[in-house]
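Visitor: Pasting a structure below so you can have a look.
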Ligand SMILES: [Zn+2]
Ligand SMILES: [Zn+2]
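Numbering (my numbering), first residue to last: 853 to 1237.
Shown next, in the form of C-alpha cells:
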C-alpha cells in the first residue's frame, strides 16, 4: 500500500490539522472528504468562469475576463497585457471620472487605454457585454465539468511575475479563487533557472512574507507557499534545505541537461524523489509537443515511478497543452505502479489556471480516481498559515 504523501509530516496522535511544521502539502490530506468549496465552482459552466451573469456591470471585470479568456486560449502574454493594464487604470479611477470620460469619449487620453480597451470599457459601462468578450466566449453550450474536475480544490504548480509568469501573486490567487479553488500553490522557479528569473533565497523569503500578508486578506482562500525547484545534475535540489523545509509545496523538475543518458538521469531523478522535501515530480519527461518540440528525456520510468510511490511523491499530470506530460505510455505505467498524482496547470497567467479541465479529463481517461489526486484535498481550516 503506497504511503499517502504528507502523512510523514503530521505528528501521530495530534489529530487532523496539526503539522510537524507549519506547512506541507500534507496539509492537503486532512480534509479529504467531499469537496465543499465555498466558491461552488461545480455550478460554473466550464470555460466560462462566473461569466455572463455579471457581464456589463463592471468595466474592470470585463477587461479582466477578456484577459482571462485570452490566456485560457493560449494567447501570448503581450496580447493580454493591454487588457490587464487597462483594468488597473480603470480600477484607479473614481466612478465620477470614469463616467465623465465615457460620456466625453476621452478614455483614450489615459495612458494604457487604446482603441480596443476603450471600446470594451464603453460597452461595459453602458450595460452591454462587450463585443470583444462575446467573441471570446463563443456561442456554444459549455461542457459540464467532469467528476474529477468538480472534486478539485486547488492547483499545486503555478507561476507569478516573480519568476516567469505574467501576473502578480494576488492576481493569480484571485483568479484561482474565482475558479472555485480553495487554495493555490505559488511555485516560482529556483535560482539557477536564470532564464526564468528564478528566485534567490532572499527573494523567496520576501515572497513568503507577501504570501502571509495576502492570506490574511484572502481567507478562507489560501495561497500555499511553494517552489518549482530545479533538480540539479547530481539529483540535489536548487534551494536551501532550510527554505525548502518552510514551504507547503515543493515541485521538483528537471530543466537542464535533459538529454543525459538514461542511467544517470534515472539516478538523478530518484535522488530528488528521495529528498524529504519533494512533494511532486514535475513534468517528468520534459517533452514539448508543440512548436519546434522536444523529445522526452530518457530514464527508467518504472524505477522512477516506484520511487515516487514509495516516497510519497505525487507524479504530476501537467496540463499545459504543449507538455501533456507524462506521455500516455508513462502515465499508464504510473497508474499501474500505484502512484499518487497532482494534476497541475503549471499556469504562467491567470487564464491558464483553467487548463485544469483538460488535465482532469486526461487523468480520468487513464482511470485515475479522486482518491489518487492530491488536488482534491483541503487545507486545514485553522492553525496553519
Ligand atoms: Zn517546469
Ligand atoms: Zn512550472
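Cβ atoms here follow ideal geometry from the backbone N, Cα and C, with glycine treated the same way.
This one's a predicted model, so the numbers in the text were calculated from it and none came from an experiment.
Less than 8 Å between the CB of residue 1105 and some heavy atom of ligand 3, yes or no?
Guide: Within the structure as shown, ligand 3 is missing, the only ligands being ligand 1 and ligand 2.
Visitor: In whole angstroms, what separates the C-alpha of residue 1116 from that of residue 1150?
Guide: The sequence position of residue 1116 within the chain shown is 264, counting from 1. The sequence position of residue 1150 within the chain shown is 298, counting from 1. Those two C-alpha atoms are separated by around 10 Å.
Visitor: On the three-state DSSP scale, how would you describe residue 1221?
Guide: Translated into the one-based positions of the chain shown, residue 1221 becomes position 369. Three-state result, residue 1221: coil.
Visitor: Leaving out five residues before and five after residue 1063 in sequence, what residues of the same chain have Cβ atoms less than 6 Å from its Cβ?
Guide: Within the chain shown, numbered from 1, the residue matching residue 1063 stands at position 211. The residues are 1075 and 1077.
Visitor: Looking at C-beta atoms only, is the number of pairs between the segment 1025 to 1036 and the segment 1211 to 1218 that lie closer than 8 Å three or more?
Guide: No: fewer than three Cβ pairs fall under 8 Å.
Visitor: What are the start and end residues of the beta strand (DSSP E) that includes residue 1049?
Guide: Within the chain shown, the letter at position 197 stands for residue 1049. It is not in any beta strand (DSSP E) - residue 1049 carries neither H nor E in the DSSP assignment.
Visitor: With burial defined as no fewer than 16 other Cβ atoms inside 10 Å of the residue's Cβ, what is the status of residue 984: buried or exposed?
Guide: What you label residue 984 is simply residue 132 of the chain shown in a count that begins at 1. Its Cβ being crowded by 16 or more others within 10 Å, residue 984 is buried.
Visitor: From residue 1086 to residue 1001, what does the alpha carbon distance come to, in whole angstroms?
Guide: Working through the chain shown from its first residue, we reach residue 1086 at position 234. Working through the chain shown from its first residue, we reach residue 1001 at position 149. Looking at the two C-alpha atoms, the distance is approximately 37 Å.
Visitor: Look at residue 1120 and residue 1079 and say whether their C-beta atoms are less than 9 Å apart.
Guide: Along the chain shown, one-based indexing puts residue 1120 at 268. Along the chain shown, one-based indexing puts residue 1079 at 227. No, the pair does not count as a contact, with Cβ atoms beyond the cut-off.
Visitor: Should residue 1047 go down as buried or exposed, given a rule of 16 or more other Cβ atoms within 10 Å for buried?
Guide: Walking along the chain shown from the start, residue 1047 turns up at place 195. Result: exposed.
Visitor: Quick check: the Cα distance between residue 966 and residue 1035, rounded to an integer number of angstroms?
Guide: Here residue 966 corresponds to residue number 114 of the chain shown, with the count starting at 1. Here residue 1035 corresponds to residue number 183 of the chain shown, with the count starting at 1. One C-alpha to the other measures close to 35 Å.
Visitor: Jot down the residue ranges of each uninterrupted alpha helix (DSSP H) in the segment 1161 to 1231, minimum 4 residues, whole runs only, in chain order.
Guide: The segment 1161 to 1231 contains these whole alpha helix (DSSP H) runs: 1180 to 1189 and 1208 to 1217.
Visitor: Nearest CA to the CA of residue 1094: which residue from 1127, 1105, 1110 and 1122?
Guide: Residue mapping note: residue 1094 aligns to position 242 of the chain shown, counting from 1. Nearest option by C-alpha distance: 1127.
Visitor: Below 8 Å, how does it come out for the segment 1184 to 1198 and the segment 959 to 975: are there three or more Cβ pairs, yes or no?
Guide: In short, these stretches do not touch, since the Cβ pair count stays below three.
Visitor: Taking C-alpha atoms, which residue in 978, 1205, 927 and 973 lies nearest to residue 943?
Guide: Taking the chain shown and counting its residues from 1, the one referred to as residue 943 is at position 91. Checked all of 978, 1205, 927 and 973; the closest Cα to residue 943 is 973.
Visitor: Would you please state the rounded distance, in angstroms, between the beta carbons of residue 1227 and residue 964? I believe it to be under 8 Å.
Guide: Here residue 1227 is taken as the residue at index 375 of the chain shown, counted from 1. Here residue 964 is taken as the residue at index 112 of the chain shown, counted from 1. About 36 Å; that fails the 8 Å criterion.
Visitor: Where in the segment 950 to 988 do unbroken runs of the alpha helix (DSSP H), each at least 4 residues long, occur, reported from the N-terminal end onward?
Guide: Qualifying alpha helix (DSSP H) stretches, in chain order: 967 to 977.
Visitor: Going by DSSP in three states, residue 936 sits in which element: helix, strand or coil?
Guide: Within the chain shown, numbered from 1, the residue matching residue 936 stands at position 84. Helix.
Visitor: May I ask you to report which of helix, strand or coil DSSP gives residue 927?
Guide: On the chain shown, position 75 is the one that residue 927 refers to. Coil.
Visitor: Distance check for residue 927 and residue 999, CA to CA, integer angstroms please.
Guide: Locating residue 999 in the chain shown gives position 147, where the first residue counts as 1. Locating residue 927 in the chain shown gives position 75, where the first residue counts as 1. If you take the alpha carbons of residue 999 and residue 927, they lie about 28 Å apart.
Visitor: How is residue 1146 classed by DSSP in three states: helix, strand or coil?
Guide: Position 294 of the chain shown, counted from the first residue, corresponds to residue 1146. Three-state DSSP puts residue 1146 in a strand.
Visitor: Just the Cα atoms here: how many angstroms apart are residue 910 and residue 1003?
Guide: Counting from 1 along the chain shown, the entry for residue 910 is found at position 58. Counting from 1 along the chain shown, the entry for residue 1003 is found at position 151. Approximately 30 Å between the Cα atoms of the pair.
Visitor: For residue 1238, collect the residues of the same chain with a Cβ closer than 8 Å to its Cβ; drop the 5 residues on either side in sequence, then sort them by chain order.
Guide: Residue 1238 lies beyond the stretch modelled for the chain, which goes from 853 to 1237, so this question has no answer here.
Visitor: Under a three-way DSSP split, which group does residue 1007 fall into?
Guide: In the chain shown, counting from the first residue as 1, residue 1007 sits at position 155. Of the three classes helix, strand and coil, the one that applies to residue 1007 here is strand, per DSSP.
Visitor: Are residue 962 and residue 939 close, meaning C-beta to C-beta below 9 Å?
Guide: Counting from one through the chain shown, the residue named residue 962 turns up at place 110. Counting from one through the chain shown, the residue named residue 939 turns up at place 87. No. Outside cutoff.
Visitor: Is residue 1106 helix, strand or coil when you go by DSSP?
Guide: On the chain shown, position 254 is the one that residue 1106 refers to. Reduced to three states, the DSSP call for residue 1106 is coil.
Visitor: So, residue 1081 versus residue 1052, is the Cβ gap smaller than 9 Å?
Guide: As a working mapping, residue 1081 is identified with position 229 in the chain shown. As a working mapping, residue 1052 is identified with position 200 in the chain shown. No, the pair does not count as a contact, with Cβ atoms beyond the cut-off.
Visitor: In whole angstroms, what is the alpha-carbon distance linking residue 1134 and residue 1031?
Guide: Along the chain shown, read from residue 1 onward, the residue named residue 1134 stands at position 282. Along the chain shown, read from residue 1 onward, the residue named residue 1031 stands at position 179. Going from the Cα of residue 1134 to the Cα of residue 1031 covers about 23 Å.
Visitor: Since residue 1078 sits in a beta bridge, which residues does DSSP pair it with?
Guide: Your numbering for residue 1078 matches position 226 in the chain shown. DSSP lists 1101 as partners of residue 1078.
Visitor: Taking the alpha-carbon positions, what's the residue 1139 to residue 1231 distance?
Guide: Position 287 of the chain shown holds residue 1139. Position 379 of the chain shown holds residue 1231. In a straight line, the C-alpha of residue 1139 is about 32 Å away from that of residue 1231.
Visitor: Checking the sheet assignment: what are the DSSP bridge partners for residue 1083?
Guide: Here the question's residue 1083 lines up with position 231 in the chain shown. Answer is 1089.
Visitor: Pick out every residue whose C-beta is nearer than 5 Å to a heavy atom of ligand 2: which are they, in chain order?
Guide: Per the Cβ criterion, the list is 1080 and 1198.
Visitor: How big is the Cα-Cα spacing for residue 1204 and residue 917?
Guide: As a first step, residue 1204 is located in the chain shown; it is residue number 352 there, counting from the start. As a first step, residue 917 is located in the chain shown; it is residue number 65 there, counting from the start. Each residue's alpha carbon lies about 12 Å from the other.
Visitor: Is the distance from the Cβ of residue 1171 to the Cβ of residue 1153 below 9 Å?
Guide: Walking along the chain shown from the start, residue 1171 turns up at place 319. Walking along the chain shown from the start, residue 1153 turns up at place 301. Taking 9 Å as the Cβ cut-off, residue 1171 and residue 1153 do not qualify as a contacting pair.
Visitor: Among the candidates 1222, 1196 and 989, whose CA atom is the shortest distance from the CA of residue 1208?
Guide: In the chain shown, residue 1208 corresponds to position 356, counting from 1. The candidate whose alpha carbon is nearest that of residue 1208 is 1196.
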